Amino acid sequence: MGYEERLRVSAELERDRVGLVERIVAEVYEEVPAYRALHTSQLTEVRAITAWLVTRSMELWVRGAQRLPPEDVERLRGIGRARAADGRSIGAVVRAHRVGSAVAVRLIRERAGDSLDTADVFALGELWLTSLDQISESLSQGHAEAADRLDADRERARRTLLDDLLIGRQSSPGAIRDRSRTLGLTPPDPAVLVVAEPAGDAGEVEAVVSALLEPLAAKAGADPLVTTRSGRVVVLVSAEDATHLTRVLIDRGRRGCVLEPRELSDMSWAYRLADGALETAPPHALGEDGLLREADACVLALLNGGGIAPATVRRTVLGPLLDPANRHLLETLGAYFREGAATTAAEAMHVHAQTLRYRLRRVRELTGHDPHRPWPRFVLETACAIAS
2 MGYEERLRVS AELERDRVGL VERIVAEVYE EVPAYRALHT SQLTEVRAIT AWLVTRSMEL
62 WVRGAQRLPP EDVERLRGIG RARAADGRSI GAVVRAHRVG SAVAVRLIRE RAGDSLDTAD
122 VFALGELWLT SLDQISESLS QGHAEAADRL DADRERARRT LLDDLLIGRQ SSPGAIRDRS
182 RTLGLTPPDP AVLVVAEPAG DAGEVEAVVS ALLEPLAAKA GADPLVTTRS GRVVVLVSAE
242 DATHLTRVLI DRGRRGCVLE PRELSDMSWA YRLADGALET APPHALGEDG LLREADACVL
302 ALLNGGGIAP ATVRRTVLGP LLDPANRHLL ETLGAYFREG AATTAAEAMH VHAQTLRYRL
362 RRVRELTGHD PHRPWPRFVL ETACAIAS
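The opening residue of the sequence shown carries number 2 in this note's numbering; numbering runs sequentially from there.
The structure is reproduced here in structure tokens:
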């Protein structure tokens with residue numbers, strides 16, 4: 002066929018490069034399970050890499066080259082390093098490139114049809130086999146280099162993982178599992194998010210971190226994750242270990258926000274909720290122990306335009322009171338808020354005052370909010386005011 006004919010076939014393929022890339026990525030997505038767990042931005046990156054490799058292979062084939070040049074090999078090493086940081090296993094990455102290469106050759110054969118002679122087919126096959134070997138080796142080298150660095154700086158890697166969870170960069174459950182496995186970590190999932198405010202200087206931050214995590218270091222089980230953001234200490238722990246952290250914060254007199262257990266993929270929203278709560282909470286909202294909980298944070302988000310649904314606030318605050326079996330408790334709470342005192346509320350409901358006080362105690366036990374105290378009353382009243 003020669004140079005001119007190869008150039009023509011390459012140009013035809015380039016005109017439909019988007020369609021070519023989509024078919025390759027679709028088959029990789031179907032054949033490699035790890036790639037089905039990727040989120041949108043990661044799939045966009047996969048498409049970009051696929052487009053580069055297809056275009057580059059066509060350029061080399063047209064010129065009669067048989068190997069990738071050094072600059073392409075180095076770029077592939079960089080891709081391998083990035084995949085290690087993402088937590089994607091090298092086996093999945095190499096398999097994806099093998100699947101993609103096979104699809105590309107098949108599509109080129111379909112598009113070129115009878116235009117290819119035997120020499121062109123052999124040249125394309127030789128280039129692709131050699132390139133695939135280079136691709137696999139380069140990706141593996143880059144992945145190993147990054148993995149070694151991650152192992153050498155395990156603590157930084159743990160912080161980076163948590164930072165990525167908090168900003169939503171790592172939000173796919175599959176990607177989180179792969180990255181955790183690469184780092185040799187077993188983060189708690191579901192996990193409790195704890196955001197604490199040290200006194201301010203770096204020494205105090207480290208002291209709080211040590212006090213929070215030291216007793217957990219020797220324990221078997223899930224690995225807690227810790228980082229610092231905007232001068233606050235952020236920790237992810239299991240529900241069991243959260244009890245210890247809460248006690249440390251109370252003993253040290255530190256402000257903080259402790260949320261309910263949730264999946265790791267939901268930590269970006271949880272962090273915004275906790276961080277916003279600490280930014281906007283009035284002093285009396287912190288109560289005797291200096292901590293905010295989930296219901297407090299939800300009400301504060303609602304008041305400050307934090308993008309939370311009113312129904313979520315109502316459900317979070319009132320919880321068990323929304324059960325039909327506890328309807329009488331919710332009605333009692335509403336009467337107490339309307340009347341302003343237990344005695345007049347009891348009269349309005351035609352029950353004994355002691356009965357009404359007992360019901361209010363049950364409200365406190367079930368929700369954790371005492372309707373007699375200013376801030377808990379405000380939290381409960383706000384939730385009751387939201388239409389069901």
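For every residue, glycine included, the Cβ atom is placed at its ideal position computed from N, Cα and C. As the structure is a prediction and not an experimental result, all values here were calculated from the model.
V352 - DSSP class collapsed to helix/strand/coil | As a first step, residue 352 is located in the sequence shown; it is residue number 351 there, counting from the start. Residue state, collapsed to three classes: coil.
Just checking, does the segment 292-310 make contact with the segment 265-282 on the three C-beta pairs under 8 Å criterion?
-> Taking 8 Å as the limit for Cβ pairs, the verdict is that the segment 265-282 does touch the segment 292-310.
Proximity winner among R294, A302 and V236, relative to T281 (alpha-carbon distances) = In the sequence shown, the residue the question calls residue 281 occupies position 280. The shortest C-alpha separation from T281 is found at A302.
V259 beta carbon less than 8 Å from that of V195 | The residue given as residue 195 occupies position 194 in the sequence shown. The residue given as residue 259 occupies position 258 in the sequence shown. The answer is yes: Cβ separation under 8 Å.
Can you find a C-beta in chain C that's less than 8 Å from the C-beta of G254?
-> Within the model displayed, chain C is absent; a lone protein chain is all it includes.
Classify G88 as buried or exposed, calling it buried when 16 or more other Cβ atoms lie within 10 Å of its own Cβ.
-> As a working note, residue 88 is residue 87 in the sequence shown. Buried is the call here.
Where does V33 fall in DSSP's three states?
-> Working through the sequence shown from its first residue, we reach residue 33 at position 32. If DSSP states are grouped into helix, strand and coil, V33 belongs with coil.
Please classify G81: is it buried, with 16 or more other beta-carbons within 10 angstroms of its beta-carbon, or exposed?
-> Along the sequence shown, one-based indexing puts residue 81 at 80. Looking at its Cβ environment, which holds 16 or more other Cβ atoms inside 10 Å, G81 is buried.
Pairwise C-alpha distance: L8 and Q67 = Stepping through the sequence shown from its first residue, residue 67 is reached at position 66. Stepping through the sequence shown from its first residue, residue 8 is reached at position 7. Rounded to the nearest angstrom, the two C-alpha atoms are 16 Å apart.
Give me whichever residues DSSP pairs with V100 in a beta bridge.
-> Within the sequence shown, residue 100 is the residue found at index 99, counting from 1. BP columns for V100 are empty, so no partner.
For S266, which residues from the same chain have a beta carbon less than 6 Å from its beta carbon, with the 5 sequence-adjacent residues on both sides left out?
-> Against the sequence shown, residue 266 aligns to sequence position 265. Cβ neighbours of S266 beyond the five flanking positions: S172 and P174.
Between the Cα of S231 and those of I168, P262 and L133, spot the shortest distance and give me the residue it belongs to.
-> Mapped onto the sequence shown, residue 231 falls at position 230. Closest option to S231, Cα to Cα, is I168.
Does DSSP put L117 in a helix, a strand or coil?
-> For the purposes of this step, residue 117 is taken as residue 116 along the sequence shown, with counting starting at 1. Coil.
Just mark L4 as buried or exposed, buried being the case when its beta carbon has 16 or more other beta carbons within 10 Å.
-> Indexing the sequence shown from 1 puts residue 4 at position 3. The residue asked about is misnamed: residue 4 is Tyr in this sequence, not Leu. It is exposed - the Cβ of Y4 has fewer than 16 other Cβ atoms within 10 Å.
Which same chain residues, not among the five before or five after R363, have their C-beta less than 6 Å away from its C-beta?
-> Counted from its first residue, the sequence shown places residue 363 at position 362. Result list for R363: L330, in chain order.
Mind reading off the beta-carbon distance from T183 to A85? Whole number of angstroms is fine, and I expect it under 8 Å.
-> The sequence position of residue 183 within the sequence shown is 182, counting from 1. The sequence position of residue 85 within the sequence shown is 84, counting from 1. Right, the Cβ-Cβ distance comes to about 6 Å (below 8 Å), so this counts as a contact.
What is the C-beta distance between L367 and Y337, in whole angstroms, given that I count them as a contact (C-beta under 8 Å)?
-> Along the sequence shown, one-based indexing puts residue 367 at 366. Along the sequence shown, one-based indexing puts residue 337 at 336. That pair is no contact at about 15 Å.
Give me the Cα-Cα distance between A203 and T229, rounded to the nearest whole angstrom.
-> Translated into the one-based positions of the sequence shown, residue 203 becomes position 202. Translated into the one-based positions of the sequence shown, residue 229 becomes position 228. Any reading at A203 must be qualified, since the residue scores a pLDDT of 49, below 50, and its modelled position is unreliable; the value itself is stated next. The alpha-carbon atoms of A203 and T229 are separated by roughly 10 Å.
Is L77 helix, strand or coil when you go by DSSP?
-> Here the question's residue 77 lines up with position 76 in the sequence shown. In this structure, L77 counts as helix in the three-state DSSP scheme.
Segments of 4+ residues assigned as alpha helix (DSSP H) that fall wholly inside the segment 124-187 | 155-168 and 174-184
For S139 and V122, the rounded distance between their alpha carbons = Residue mapping note: residue 122 aligns to position 121 of the sequence shown, counting from 1. Residue mapping note: residue 139 aligns to position 138 of the sequence shown, counting from 1. In a straight line, the C-alpha of V122 is about 25 Å away from that of S139.
Can you tell me the Cα-Cα spacing of R96 and R57, whole angstroms?
-> By 1-based counting over the sequence shown, the position of residue 96 is 95. By 1-based counting over the sequence shown, the position of residue 57 is 56. The alpha-carbon atoms of R96 and R57 are separated by roughly 20 Å.
Own chain partners of A457 with C-beta closer than 8 Å, once the 5 adjacent residues on each side are dropped | Absent from the structure is residue 457, since the part of the chain shown begins at 2 and ends at 389.
Separation of A296 from L186, as counted between CA atoms | Here residue 186 is taken as the residue at index 185 of the sequence shown, counted from 1. Here residue 296 is taken as the residue at index 295 of the sequence shown, counted from 1. C-alpha separation (whole angstroms): 31 Å.
In its own chain, which residues sit with a C-beta less than 7 Å from the C-beta of L108, not counting the 5 before and 5 after it?
-> As a working note, residue 108 is residue 107 in the sequence shown. Answer for L108: L21 and R24, listed in chain order.
Would you kindly check if the distance between the Cβ of L39 and the Cβ of V47 is under 8 Å?
-> Taking the sequence shown and counting its residues from 1, one reaches residue 47 at position 46. Taking the sequence shown and counting its residues from 1, one reaches residue 39 at position 38. Yes, the pair counts as a contact, with Cβ atoms nearer than the cut-off.
Quick one: give me the first and last residue of the beta strand (DSSP E) that A197 is part of.
-> Reading the sequence shown from its first residue, position 196 is the one you call residue 197. Looking at the DSSP string, the run of the beta strand (DSSP E) that includes A197 is V193 to E198.
Three-state secondary structure assigned by DSSP to L292 = As a working note, residue 292 is residue 291 in the sequence shown. Of the three classes helix, strand and coil, the one that applies to L292 here is strand, per DSSP.
Helix or strand or just coil, what does DSSP make of R110?
-> Within the sequence shown, residue 110 is the residue found at index 109, counting from 1. In this structure, R110 counts as helix in the three-state DSSP scheme.
Verify whether the separation of the beta carbon atoms of R263 and P191 is less than 8 Å.
-> Here residue 263 is taken as the residue at index 262 of the sequence shown, counted from 1. Here residue 191 is taken as the residue at index 190 of the sequence shown, counted from 1. Taking 8 Å as the Cβ cut-off, R263 and P191 qualify as a contacting pair.
Cutoff 7 Å; reference V104; Cβ partners in own chain excluding five residues on either side = Position 103 of the sequence shown, counting from 1, holds the residue named residue 104. Closer than 7 Å at Cβ, skipping near neighbours: R24, I25 and E28.
Can you tell which of S90, A145, H370 and G341 has its C-alpha closest to the C-alpha of R294?
-> If you number the sequence shown from 1, residue 294 lands on position 293. The candidate whose alpha carbon is nearest that of R294 is H370.
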